[in-house]
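Residue numbers (this note's numbering): 118 to 515.
Here's the structure we're looking at; comments come further down.
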């Protein structure tokens, strides 16, 4: 790999031992992908911040980065952390987070902030075409697809190294030719394209079929960015998808020709309602016991999505013994609890939180409207209205 004079000095250790280690990490990794050079980035996002006791090796590396007094050069955010407002409700889970305090202190010292899987709702929203180094699969696919910035799916520590150096290796989705669509997906006429539950289920199918290829989707010009966020998160769970093009909606998909860069798709796949029902049955875990937890918001909900959930909860009451979690970033949480909407939360008994329902390992039985949560955990997969109905009556039986 070609390194300029400044990069070579860092690589050689002239700027310190720890900085040299971080440079060697991204150079060697980039070389393994055939990258010929490094490029400057404007933004980074890391997943390596949850304080679970089994990440002690990574936590030690981050502590050494802090002790070397290194700071990030670009806006760098991190995935969700535990929410200490609910230490009583989750007293069984929180003892697992023995490294929480140390990690948060170290990350803040390094300059990493904004603990959410949707950092683009905060101050970490790059511009179209900018190069970034993000991990967190649902965040990466939103960055590439909806914003049109550019990042590969980086790994933990690599993302932090890139943030500190302000650089990443030039390969993969940083190159325009690698952002060309591969597969064309269509929804059959029997599928309600305005139903979010259908779109997230469709995402599970797309990820399975696409793998690491780039899907192009027709017929969703009406979809909101929040809906694409949820569809993309599902695709990035069942597959290694890091970019989707939605014709007439996402910035690199003005039409089919643009999305495929004037080439033809390798294949055209139609998704039917039978396919959607099949994938729901495949990934949903049906429990005979009454639920203990229901979670809404993986990825974290936008402000608009939180308000939709609260409107649905108005006048309703969560059954005793059930925790109903509405997951969003801390800034939105703080705004809502200090507004008139907090009355709905109090009256319903629902919990507004900034934790991750996956990393916090909510006790089972768990029910969710999130395709991502359903894929990664033994959860029952329902639409949001069904989730609320179950939470009200306290049982999963009709």
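Heads up, the beta-carbon is just placed ideally off N, CA and C, and yes, glycines get one too.
query: So which of 333, 192, 388 and 202 has the shortest CA-CA distance to residue 586?; result: Since the first residue shown for the chain is 118 and the last is 515, residue 586 is missing from the structure and cannot be characterised.
query: Nearest-angstrom Cα distance between residue 168 and residue 215?; result: 6 angstroms
query: Need the endpoints of the alpha helix (DSSP H) that residue 231 sits in, please.; result: First-last for residue 231: 230–232, but that is the beta strand (DSSP E), not the alpha helix (DSSP H).
query: What are the boundary residues of the alpha helix (DSSP H) that residue 279 is part of?; result: 275–282
query: Based on the DSSP secondary-structure assignment, which residues constitute the bridge partners of residue 162?; result: 194 and 251
query: Taking the DSSP output, what are the residues bridged to residue 332?; result: 300
query: If you drop the 5 nearest sequence neighbours on each side, which residues of the same chain put their C-beta closer than 6 angstroms to that of residue 144?; result: 118
query: Let me check understanding here. Comparing Cα to Cα, which of 508, 400, 336 and 394 lies closest to residue 370?; result: 336
query: Going by Cα to Cα distance, which pick from 510, 190, 206 and 274 is closest to residue 178?; result: 274
query: So if DSSP puts residue 285 in a beta bridge, which residue, or which two residues, is it bridged to?; result: 156
query: Looking at residue 507 and residue 360, is the spacing between their C-beta atoms short of 8 angstroms?; result: no
query: In the DSSP assignment, find the unbroken alpha helix (DSSP H) run with residue 326 in it and report its ends.; result: 313–327
query: Return helix, strand or coil for residue 291, following the three-state DSSP convention.; result: helix
query: Would residue 243 be called buried (16 or more neighbouring beta carbons within 10 Å of its own) or exposed?; result: buried
query: State the start and end residues of the unbroken alpha helix (DSSP H) segment that holds residue 417.; result: Unbroken run through residue 417 is the beta strand (DSSP E), 410–418; no alpha helix (DSSP H).
query: Could you tell me if residue 161 is buried or exposed, where buried requires 16 or more neighbouring beta carbons within 10 angstroms of its beta carbon?; result: buried
query: Expressed to the nearest angstrom, what Euclidean distance is found between the alpha-carbon atoms of residue 165 and residue 476?; result: 11 angstroms
query: Between which two residues does the alpha helix (DSSP H) holding residue 490 run?; result: 488–493
query: Looking at C-alpha atoms only, which residue of 245, 247, 193 and 204 is the closest neighbour of residue 225?; result: 193
query: From this set, 399, 140, 248 and 493, which residue's C-alpha is nearest residue 416's C-alpha?; result: 493
query: Quick test of the definition: if touching needs 3 or more C-beta pairs under 8 angstroms, does the region 470–490 touch the region 402–413?; result: yes
query: Return the Cβ separation of residue 412 and residue 444 in integer angstroms, given the expectation that the two are a contact with Cβ distance under 8 angstroms.; result: 6 angstroms
query: Measure the beta-carbon distance from residue 309 to residue 389 and round it to whole angstroms, keeping in mind my assumption that it falls under 8 angstroms.; result: Incorrect: roughly 12 angstroms between the Cβ atoms, too far for contact.
query: Report all residues from its chain with a CB closer than 8 angstroms to the CB of residue 466; omit the five preceding and five following residues, and keep chain order.; result: 434, 435 and 441
query: With 16 other CB atoms within 10 Å as the buried threshold, where does residue 150 fall?; result: exposed
query: Taking 8 angstroms as the threshold, find out whether the region 352–367 comes into contact with the region 320–339 through three or more Cβ pairs.; result: yes
query: May I ask you to list the residues that DSSP assigns as paired with residue 497?; result: 484
query: Rounded to the nearest angstrom, how far is the Cβ of residue 319 from that of residue 393, given a contact under 8 angstroms?; result: 6 angstroms
query: Flag this pair as yes or no: are the beta carbons of residue 260 and residue 237 separated by less than 8 angstroms?; result: yes
query: What would DSSP say about residue 267, mapped onto helix, strand or coil?; result: strand
query: Would you call residue 311 buried or exposed, if buried means 16 or more other Cβ atoms sit within 10 Å of its Cβ?; result: exposed
query: With respect to the beta strand (DSSP E) encompassing residue 453, which residues constitute its N-terminal and C-terminal limits?; result: Residue 453 -> not in any beta strand (DSSP E); alpha helix (DSSP H) instead, spanning 447–454.
query: Among the candidates 271, 247, 267 and 263, whose CA atom is the shortest distance from the CA of residue 254?; result: 271
query: Taking residue 448 as the reference, give the member of 420, 430 and 468 with the closest Cα.; result: 420
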